[in-house]
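Student:
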Amino acid sequence: KGEGLGNAFLSHIKAVDGIIHVMRAFEDDDVIHAEDTVDPVRDINTISSELRIKDISDLKGVIENHMKKKTAEATKTPQSKKRWEENLASYEKILKWLEDGKDAR
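For the sequence shown, this note's numbering begins at 955 and goes up steadily by one.
1) Is the Cβ of Val976 closer than 8 Å to any Cβ of chain D?
2) How big is the Cα-Cα spacing for Leu1013 and Met1021?
3) Measuring CB atoms only, is the region 1021-1033 touching the region 991-999, in the sense that at least three cross pairs come out at less than 8 Å?
4) Could you compute how far the alpha carbon of Ile1007 sits from the alpha carbon of Glu1046?
5) Helix, strand or coil for Ala969, going by three-state DSSP, please let me know.
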């Protein structure tokens, strides 16, 4: 957690429609690197890990809000209850995928 991207960067990510990863793979004393060494594999792993952590946090919030609607959806119609259950199953499946260290992009 927090290996270089920072909370400000991660919070701003939500405001964009897409992300393009451009990794530095060259040595240049005039270009400062946060880790003092150039290692594109390490850098992309750090970025992916931090984005995954943020995705997990956001998805847990979605699930929490979804759980608050359980009773209301169950009392509407059988279709509403079924749709609520299907959505919960999808959220939980994605959460497990992310917690297993896999990206969902």
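Built from N, CA and C at the ideal position, the CB exists for glycine as well.
Tutor: Taking the geometry as given:
1) Looking at the structure shown, chain D is missing, and only one protein chain is on hand.
2) 12 Å
3) no
4) 15 Å
5) coil
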